[in-house]
Amino acid sequence: MNDRTEDARLMARVASGDEAAFVVLAERHVGRAHAVAARMLSSREDAEEVVQDALGRVWRHAARFDAGRSAFGTWFYRIVANGCLDRLRRKGFSHKGGMTIDIDDAPQIADGAATAEAGLVAAGRTQAVKAAVAALPERQRLAIVLCYFEEMPQAEAARVMGMNLKAVEALLFRARQSLKSGLKAVLSDD
Amino acid sequence: MTDLKDLWPVAPLSEAAKTRMIERALAAPQLLPWPHAAAAALERALSEWRYGMPYKLAAACACVVLGLGIGFTLAPNDHDVAGMAFMTATLTPAGEVSE
Numbered sequence: 025m026n027d028r029t030e031d032a033r034l035m036a037r038v039a040s041g042d043e044a045a046f047v048v049l050a051e052r053h054v055g056r057a058h059a060v061a062a063r064m065l066s067s068r069e070d071a072e073e074v075v076q077d078a079l080g081r082v083w084r085h086a087a088r089f090d091a092g093r094s095a096f097g098t099w100f101y102r103i104v105a106n107g108c109l110d111r112l113r114r115k116g117f118s119h120k121g122g123m124t125i126d127i128d129d130a131p132q133i134a135d136g137a138a139t140a141e142a143g144l145v146a147a148g149r150t151q152a153v154k155a156a157v158a159a160l161p162e163r164q165r166l167a168i169v170l171c172y173f174e175e176m177p178q179a180e181a182a183r184v185m186g187m188n189l190k191a192v193e194a195l196l197f198r199a200r201q202s203l204k205s206g207l208k209a210v211l212s213d214d
Numbered sequence: 002m003t004d005l006k007d008l009w010p011v012a013p014l015s016e017a018a019k020t021r022m023i024e025r026a027l028a029a030p031q032l033l034p035w036p037h038a039a040a041a042a043l044e045r046a047l048s049e050w051r052y053g054m055p056y057k058l059a060a061a062c063a064c065v066v067l068g069l070g071i072g073f074t075l076a077p078n079d080h081d082v083a084g085m086a087f088m089t090a091t092l093t094p095a096g097e098v099s100e
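Line by line, the protein sequences are chains A and B. According to the numbering used here, the first sequence is numbered sequentially starting from 25. According to the numbering used here, the second sequence is numbered sequentially starting from 2.
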């Protein structure tokens, strides 16, 4: 049984009030959803709130889900993506300046001068990538996060974003151009 | 470009956080599609007499008003011909002939 069929089967059970099925379904998707939200919002706390809200919506509106119209993953990641975009607009933040490194996301630095230095370099790179991605317009950021960080097929990302494939390709092209210029220094170190 | 993922790793969500999020999501009641919700509300209204009391009273008042209105409207409008003839004869002065 493929993932889509399994998700649809679980959602049918969730729609009839099966909490155990909801737990299984949430376990399957919550990690990836959190990674998407964390990269979109550059904040673990905000990401947790968005995913929490999305899970709540899935549970409350389970009866509205129509497996014939879309895969559960598409529906769920669209809720998460919309939640991220809403939060970005409501807060009006773009993190263009004053980026902070989340302590949980910072690379581990082992003992020893050489490894410590490598760790700092890696932390600097992470910071630069976060800043470059955060500086992108919302839709470009979402396209980059879904397609490059989460390695979602472009067609699937287009469905999540409610756009056609060409529009997503255009967003990715523009985002790549921006990232190339923003990360020139970081990428040239490799 | 795919190595971006390695350049910006995101720490996985802890099990405690997952559990907390799932429990909070489950704390809210599920919303049913309106036909199911209406059927459930009707079933409860029929089994619990106190449930939806304002609506029940409003429905009862509406029934009374409609019943009286329809009753008066559709009631046969009988004319008491003998009575009318008697009243006319009584009120008409002697010698005059009522038309």
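All residues carry an ideal CB built from backbone N, CA and C; glycine is no exception.
Apart from sequence neighbours up to five positions away, no residue of its chain approaches B/P55 with a beta-carbon distance below 8 angstroms. In the structure shown, the three-state DSSP call for A/V48 is helix.
Runs of the alpha helix (DSSP H) lying entirely within the region 147 to 197 of chain A, each at least 4 residues long, are 162 to 168, 178 to 185 in chain order. When secondary structure is reduced to three states using DSSP, A/W83 falls in the helix class. Non-local C-beta neighbours of A/W99 in its own chain, meaning closer than 7 angstroms and more than five positions away in sequence, comprise F89, ordered along the chain. Within chain A, R63, D129, T150, V153, K154, V157, F173 have C-beta atoms less than 8 angstroms from the C-beta of B/W9, given in sequence order.
The continuous stretches of alpha helix (DSSP H) do not include B/T93, and DSSP gives it neither H nor E. Note on geometry: alpha-carbon atoms of A/F96 and A/I103 lie some 11 angstroms from one another. Under the criterion of beta carbons closer than 8 angstroms, A/Q178 and A/V192 qualify as touching, at roughly 6 angstroms. DSSP places A/F96 in the uninterrupted alpha helix (DSSP H) bounded by 96 to 115. Exclusion of the five residues before and after A/C171 leaves Q178, A181, L196 as the residues of its chain whose Cβ lies within less than 7 angstroms of its Cβ. Linking B/A95 to B/F87 through their CA atoms gives a straight-line distance of about 14 angstroms. Secondary structure at A/F89: coil, using DSSP grouped into helix, strand and coil. Against B/P34, the close residues of chain A are A87, R88, in the order they occur along the chain (beta-carbon pairs closer than 8 angstroms).
With contacts defined as CB atoms closer than 8 angstroms, A/V82 and A/R111 fail to qualify as a contacting pair.
Taking 8 angstroms as the upper bound on Cβ-Cβ separation, chain B lies near residues R68, E72, V75, Q76, L79, G80, V82, W83 of the region 64 to 83 of chain A.
By the rule that beta-carbons nearer than 8 angstroms mark a contact, B/P77 does not touch chain A. Around A/A59, the beta-carbon contacts reaching into chain B at under 9 angstroms are V11, P13, L14. Using a Cβ-Cβ cut-off of 7 angstroms, A/G55 is close to P13, L14 of chain B, given in chain order.
Proximity to A/E175 across A/A36, A/A45, A/R56 peaks at A/R56, based on C-alpha coordinates. Around the beta carbon of A/D27, fewer than 16 other beta carbons lie within 10 angstroms, which makes this residue exposed.
Under the three-state reduction of DSSP output, A/D42 falls in the coil class, being neither helix nor strand. Classified as exposed, B/V65 has fewer than 16 neighbouring CB atoms from the shown chains inside 10 Å of its CB. Within 10 angstroms of the beta-carbon of B/L92 lie fewer than 16 other beta-carbons, which makes it exposed. Under the 8 angstroms criterion on CB atoms, A/F46 is classed as interfacial with respect to chain B. For B/P36, the secondary structure class from DSSP, reduced to helix, strand or coil, is helix. Within 7 angstroms of the CB of B/L5, the CB atoms of chain A belong to V153, Y172, F173, in sequence order along the chain.
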